[in-house]
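2 protein chains.
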Amino acid sequence: MKEKSEETQKQILDAAKKIFAAKGLTGARMQEIADEAGINKALLHYYYRNKEKLFEQVFEEATIKLLGPVASFLADDSELFTKIRNLCHHYYSVLIEYPFIPNFVLNEASVNPERFFRLIRFEGVIEAKEKTKQQVEQCIKDGIIRPIDPRELIWNILSLCIFPIISRPVAGKLLYANENVQEILEQRADKVADFVIQSIKK
Amino acid sequence: MKEKSEETQKQILDAAKKIFAAKGLTGARMQEIADEAGINKALLHYYYRNKEKLFEQVFEEATIKLLGPVASFLADDSELFTKIRNLCHHYYSVLIEYPFIPNFVLNEASVNPERFFRLIRFEGVIEAKEKTKQQVEQCIKDGIIRPIDPRELIWNILSLCIFPIISRPVAGKLLYANENVQEILEQRADKVADFVIQSIKK
DNA sequence: CCCTTTTTTAACCATTTGGTTAAAAAAAGA
DNA sequence: TCTTTTTTTAACCAAATGGTTAAAAAAGGG
């Protein structure tokens with residue numbers, strides 16, 4: 034009996050992810066989510082009290098998907114250049130699979146920052162950040178890379194990984210008219226890692 | 034008499050920019066725009082037939098602000114490294130002044146790509162793009178920079194210029210907790226240009 | 001002062017939308 | 001088969017929302 038219930042809840046969540054990601058909180062309609070889930074509105078409200086609660090659950094999961102890799106990156110023990118390659122590959126594989134997430138999360142975080150800060154936990158990120166900071170500084174001391182603020186480096190990597198996904202429809206038209214942007218994106222992880230490493234290495 | 038009319042229309046447009054940028058098309062309320070403009074709803078509809086028309090005008094202007102610099106960059110005649118510096122500076126000054134534009138445009142373009150492609154004209158961009166492409170290829174031949182796809186280079190620069198603005202609330206909390214992110218952003222144009230040039234120069 | 005344009009007031013309307021309710025029906029477990 | 005849980009049906013509600021209308025008032029120009 035539990036199975037049926039949980040299956041339905043999953044159908045609802047999947048539908049909600051799809052609709053919210055495509056249209057945002059204010060653009061999404063509860064009826065549309067119910068239709069997408071193959072159920073009716075009454076059952077939707079039977080499982081999820083209201084739109085806001087449903088949205089928050091979807092939003093939280095999406096945010097974890099978007100920001101999770103950063104935390105893993107910061108906490109990782111491997112050598113810096115390897116770390117950078119790993120992060121790029123991780124991002125491009127996750128985001129190509131869920132291309133609506135960056136736009137969705139960043140837009141909703143911008144429209145309603147309070148909710149974003151309320152829902153997101155930064156457990157361990159501060160310590161992990163400190164660790165990476167020291168690693169970068171050590172690389173600078175050792176003459177492996179040129180001097181750069183560690184946070185600047187991280188922000189650059191994130192920019193190069195996430196922005197192409199966000200700007201895909203625009204850039205696809207402007208830069209890659211009539212070409213297979215999907216394929217270009219898939220080959221981009223390595224190139225971005227190279228671009229970053231070329232920039233910092235001595 | 035014309036002055037009064039045009040002044041009011043400007044007030045409306047300014048208000049619409051503010052509200053649409055903050056809440057998106059579906060999140061914005063016509064009453065809210067009227068209030069922000071210091072007028073009433075009847076007058077709002079007297080000047081702008083409906084929400085969609087008003088939105089399109091705002092959206093188009095915002096898109097031009099966001100994409101204008103790319104076109105100028107591509108068409109510019111100066112030497113490549115100078116061009117890159119100019120573009121970075123241009124972007125950071127425009128976007129720091131209008132920080133809501135990137136998020137707004139890219140999100141609405143993602144929610145409704147058809148409208149985006151309908152409203153945007155790419156006059157001359159294709160030719161200008163070809164020009165920059167040849168310039169980059171010449172630099173590669175001359176051994177000034179390492180081999181790189183010109184479009185990849187452009188996309189990287191755009192990523193490094195635009196993404197920090199979009200992700201500012203998130204990154205401000207994650208990377209720069211309790212620091213003056215505004216100031217950091219202002220100093221970023223030069224650093225981003227350096228980052229790019231370091232990466233491609235031989 | 002008259003005429004035109006701009007602006008306000010305020011009521012009004014149709015539709016959409018999130019959400020509720022209650023009863024019936026279907027499904028599943030014991 | 002009896003009971004509990006899940007799902008459907010379908011009507012319903014209040015509030016919000018985009019948009020309209022008509023008349024009055026205010027403002028500005030000639």
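Each protein sequence line maps, in turn, to chains A and B. With the first sequence counted from 1, adding 33 to any position gets you the numbering used here. With the second sequence counted from 1, adding 33 to any position gets you the numbering used here. Note that CB positions come from ideal geometry on N, CA and C, so glycine has one too. Since the model is a prediction, treat every value here as computed from it, not as a measurement.
Here alanine 61 (chain A) has Ile52 and Phe53 as same chain residues with Cβ atoms under 6 angstroms from its own Cβ, once five neighbours each way along the sequence are excluded. In the DSSP assignment, isoleucine 178 (chain A) forms a beta bridge with A:Lys234.
For glutamate 185 (chain B), the nearest CB of chain A lies under 8 angstroms from its own CB, placing it at the interface with that chain. Distances from the CA of phenylalanine 155 (chain A) to each of B:Asn140, B:Glu216, B:Lys206 and B:Lys235 were compared; the closest alpha carbon is that of B:Lys206. If you look at alanine 70 (chain B), you'll find it in the alpha helix (DSSP H) that goes 63-70. Bounds of the alpha helix (DSSP H) holding phenylalanine 114 (chain B) are 113-130.
Flagged as an interface residue toward chain A: isoleucine 199 (chain B), by a C-beta distance shorter than 8 angstroms.
At a Cβ-Cβ threshold of 8 angstroms, leucine 139 (chain B) and serine 200 (chain A) count as neighbours. Between the beta-carbon of phenylalanine 133 (chain B) and that of phenylalanine 196 (chain A) there is about 17 angstroms, and that puts the pair past the 8 angstroms contact cut. In the DSSP assignment, glutamate 156 (chain A) falls outside any alpha helix (DSSP H), carrying neither H nor E. If only complete runs of 4 or more residues are kept, the region 174-221 of chain A shows the alpha helix (DSSP H) at 183-199, 201-207 and 214-219, in order along the chain. Residues of chain A with a Cβ closer than 7 angstroms to the Cβ of isoleucine 129 (chain B) do not exist; the shortest Cβ-Cβ separation is about 15 angstroms. For the C-beta of phenylalanine 92 (chain B), not a single chain A residue is nearer than 7 angstroms; the gap to the nearest is close to 13 angstroms. For a Cβ distance threshold of 8 angstroms, residue set Lys206 of chain A lies close to phenylalanine 150 (chain B), ordered along the chain. Three or more beta-carbon pairs separated by less than 8 angstroms link the region 116-132 of chain B to the region 215-225 of chain B, which places the two stretches in contact. Contacts with chain A at 8 angstroms (Cβ-Cβ) include glycine 60 (chain B). Secondary structure of aspartate 223 (chain B) (DSSP, three-state): helix.
Chain B has a Cβ within less than 8 angstroms of the Cβ of proline 146 (chain A). For asparagine 189 (chain A), the C-beta contacts it makes with chain B under 8 angstroms involve Leu193, Val225 and Phe228, in order along the chain.
Sequence-distant Cβ neighbours of glutamate 141 (chain B) in its own chain, meaning closer than 8 angstroms and more than five residues away, are Gly57, Leu58, Phe92, Arg148 and Phe149. Taken through DSSP and simplified to helix, strand or coil, phenylalanine 88 (chain A) comes out as helix. Of all alpha-carbon atoms in A:Ala67, A:Asn83, A:Phe88 and A:Glu65, the one lying nearest the alpha-carbon of leucine 152 (chain A) is that of A:Phe88. CA-CA distance, isoleucine 66 (chain B) to isoleucine 72 (chain B), rounds to 9 angstroms. The three-state reading of DSSP puts asparagine 73 (chain A) in coil, since its state is none of H, G, I, E or B.
The same chain holds no residue with a CB closer than 8 angstroms to that of asparagine 213 (chain A) once the five nearest residues on each side in sequence are set aside.
By the beta-carbon neighbour count (other beta carbons within 10 angstroms, threshold 16), asparagine 189 (chain B) is buried. Two segments are said to touch when three or more pairs of C-beta atoms, one from each, lie closer than 8 angstroms; by this definition the region 95-112 of chain B does not touch the region 105-119 of chain A. If you draw a straight line from the Cα of isoleucine 187 (chain A) to the Cα of asparagine 211 (chain B), it comes to about 18 angstroms. Taking a C-beta distance under 8 angstroms as the contact criterion, proline 135 (chain A) and leucine 99 (chain A) qualify as a contact pair. With its beta carbon less than 8 angstroms from one in chain B, alanine 142 (chain A) belongs to the interface. Against glutamine 167 (chain A), chain B offers no close residue; the least beta-carbon distance is about 15 angstroms (beta-carbon pairs closer than 8 angstroms).
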